[in-house]
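In this note's numbering, the protein residues as written are 45 to 252.
In structure tokens:
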């Protein structure tokens with residue numbers, strides 16, 4: 045269904061944040077100053093910069109909230125120029141600020157390919173719409189609104205046994221109203237039929 049359908053998150057795969065960052069630097073900077081003699085620091089040091097710790101899901105509570113954006117200072121010495129490091133930094137900041145709704149491979153978050161075929165559905169997009177509608181229903185029940193999903197525009201995923209979906213969709217807040225971008229987060233637990241709705245909210249405006 046997706047390019048990482050059978051993959052686990054970075055931490056579950058046993059790959060440390062340090063190894064992921066070094067690999068990312070090598071991809072972005074072929075002339076990187078990183079080499080076998082460089083002191084990358086210990087895994088325990090990097091643990092403070094690891095993927096976000098997961099908490100028990102709760103409706104209308106974003107697990108990304110309350111976390112501080114930080115990058116290990118050692119990353120700077122891996123880049124041969126400030127320009128390349130700034131590009132890396134800005135990409136990391138953008139991913140952090142989007143709270144899972146854009147791909148972020150260093151945190152084990154990957155794009156979902158919406159137009160692929162899926163058993164029981166015309167496409168993966170239809171399955172994502174079904175999951176997002178679980179959140180829309182919860183949103184309407186708890187807030188007394190009449191939000192209606194129109195179409196899914198993108199989705200990202202994280203995990204396997206605990207499968208977290210971050211779905212961006214267009215919706216109408218009232219009948220015949222204008223299209224508004226919304227976000228839904230839903231969790232599918234292995235062996236549990238019904239998905240768990242976590243979030244349904246209007247997408248933040250750029251710069252806010």
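Using N, Cα and C, we set each Cβ at its ideal position, and we do this for glycine too.
Next on the checklist: I need the straight-line Cα distance from residue 111 to residue 217, nearest angstrom please.
Outcome noted: In the chain shown, residue 111 corresponds to position 67, counting from 1. In the chain shown, residue 217 corresponds to position 173, counting from 1. Cα atoms of residue 111 and residue 217: separation of roughly 30 Å, rounded to the nearest angstrom.
Item to check | Contacting residues, own chain, Cβ-Cβ under 6 Å from residue 241 (five flanking each side not counted) | outcome: Start at 1 with the first residue of the chain shown, and residue 241 comes out as number 197. Hits under 6 Å: 178, 179, 182 and 230.
Item to check | Buried versus exposed call for residue 201 [16 or more other C-beta atoms within 10 Å across all chains shown] | outcome: Along the chain shown, one-based indexing puts residue 201 at 157. With 16 or more other Cβ atoms within 10 Å, it is buried.
Checklist entry - Among 219, 138 and 227, which one has its Cα closest to the Cα of residue 211? => result Numbered from 1 along the chain shown, position 167 holds the residue referred to as residue 211. When each option's Cα is compared against that of residue 211, the closest is 227.
Item to check | DSSP three-state assignment for residue 122, whether helix, strand or coil | outcome: Along the chain shown, read from residue 1 onward, the residue named residue 122 stands at position 78. DSSP places residue 122 in helix when its eight states are reduced to three.
Checklist entry - What's the C-alpha gap between residue 152 and residue 203? => result Residue mapping note: residue 152 aligns to position 108 of the chain shown, counting from 1. Residue mapping note: residue 203 aligns to position 159 of the chain shown, counting from 1. Their backbone Cα atoms lie some 7 Å apart in a straight line.
Checklist entry - Given residue 193, which residues of its chain have a CB within under 7 Å of its CB, disregarding the five upstream and five downstream residues? => result Residue numbering aside, residue 193 sits at position 149 when the chain shown is read from its first letter. Around residue 193: 173, 176, 177, 180, 213 and 215.
Item to check | Within-8 Å CB hit, residue 124 to chain C | outcome: Absent here is chain C; the protein component of the structure consists of one chain.
Next on the checklist: Here's the rule: buried if 16 or more other CB atoms are within 10 angstroms of the residue's CB, otherwise exposed. What is residue 82?
Outcome noted: By 1-based counting over the chain shown, the position of residue 82 is 38. Residue 82 is exposed by the Cβ-count criterion.
Checklist entry - In the structure shown, what three-state DSSP assignment does residue 249 receive? => result Mapped onto the chain shown, residue 249 falls at position 205. Residue state, collapsed to three classes: coil.
Checklist entry - Are there 16 or more other CB atoms within 10 angstroms of the CB of residue 168, so buried, or fewer, so exposed? => result Here residue 168 refers to the residue found at position 124 of the chain shown. That one is buried.
Checklist entry - Would a C-beta distance cut-off of 8 Å place residue 108 and residue 143 closer than the cut-off? => result For the purposes of this step, residue 108 is taken as residue 64 along the chain shown, with counting starting at 1. For the purposes of this step, residue 143 is taken as residue 99 along the chain shown, with counting starting at 1. The answer is yes: Cβ separation under 8 Å.
Item to check | Outcome for residue 245 when other beta-carbon atoms lying within 10 angstroms are tallied against a minimum of 16 | outcome: Counting from 1 along the chain shown, the entry for residue 245 is found at position 201. Counting every other CB atom within 10 Å of its CB across the protein chains shown gives residue 245 a total below 16, marking it as exposed.
Checklist entry - Does the Cβ of residue 248 have 16 or more other Cβ atoms within 10 Å, making it buried, or fewer, making it exposed? => result Within the chain shown, the letter at position 204 stands for residue 248. Exposed, by the Cβ-count rule.
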